[in-house]
Amino acid sequence: HPILHSFPTRRSSDLIQRDEITHMNLFINMWKTLKVERPEIFTQKLLEECVEIIRLGVEHETAWGKHIISHGVLGLTDEIIESFNKDLGNKRAISLDLPEIYKGNVNLAHWFDKASTGEVEENFFESKVSNYSVGSLEW
Numbered sequence: 081h082p083i084l085h086s087f088p089t090r091r092s093s094d095l096i097q098r099d100e101i102t103h104m105n106l107f108i109n110m111w112k113t114l115k116v117e118r119p120e121i122f123t124q125k126l127l128e129e130c131v132e133i134i135r136l137g138v139e140h141e142t143a144w145g146k147h148i149i150s151h152g153v154l155g156l157t158d159e160i161i162e163s164f165n166k167d168l169g170n171k172r173a174i175s176l177d178l179p180e181i182y183k184g185n186v187n188l189a190h191w192f193d194k195a196s197t198g199e200v201e202e203n204f205f206e207s208k209v210s211n212y213s214v215g216s217l218e219w
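For the sequence shown, the numbering used here gives the first residue as 81, with consecutive numbering after it.
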């Protein structure tokens, strides 16, 4: 069926995930650098707004996740979706030196952590080169 060909393959999903992780780490580093170089802009009001942005993101991702599984996905429940998104919200807040937002949240999808962070192991001999960079930047 033609629509099936438009769905991403596992490999393209892995590449998208890798790019998302790269962007996340880039902006975390930018935030921390800005915090050192321009501490005066990190007012209490800004930090509170950042917490609210993360909270809103978690709310939207949770609503979307619940919608996606609303017709049934084996092994996923609304509670799993919510706990997973709250866990991600806590991780993002902590990575920005903000307070934990969802205290006491237990991630019911701990088994998904490696997949969501790009830490899925792959057989070296079955993989293809997707990044030809050599070395890294020193800051």
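Here a beta-carbon is modelled for each residue, glycine too, at the ideal position from N, C-alpha and C.
Put R98 into one of helix, strand or coil per three-state DSSP.
Numbered from its first residue, the sequence shown carries residue 98 at position 18. Helix, per DSSP.
Nearest-angstrom Cβ-Cβ length linking F192 and F164, presumed shorter than 8 Å
For the purposes of this step, residue 192 is identified with residue 112 of the sequence shown, where counting begins at 1. For the purposes of this step, residue 164 is identified with residue 84 of the sequence shown, where counting begins at 1. So it is a contact: roughly 6 Å between Cβ atoms.
Consult DSSP for V153 and reduce its assignment to one of helix, strand or coil.
Numbered from its first residue, the sequence shown carries residue 153 at position 73. Here V153 sits in coil by DSSP.
Three or more C-beta pairs below 8 Å linking the segment 131-145 and the segment 161-178
yes
Who are the Cβ neighbours of H81 in its own chain at under 7 Å, not counting the five residues just before and after it?
Mapped onto the sequence shown, residue 81 falls at position 1. Its pLDDT being 47, under 50, H81 is placed unreliably in this model, and the coordinates cannot settle the point.
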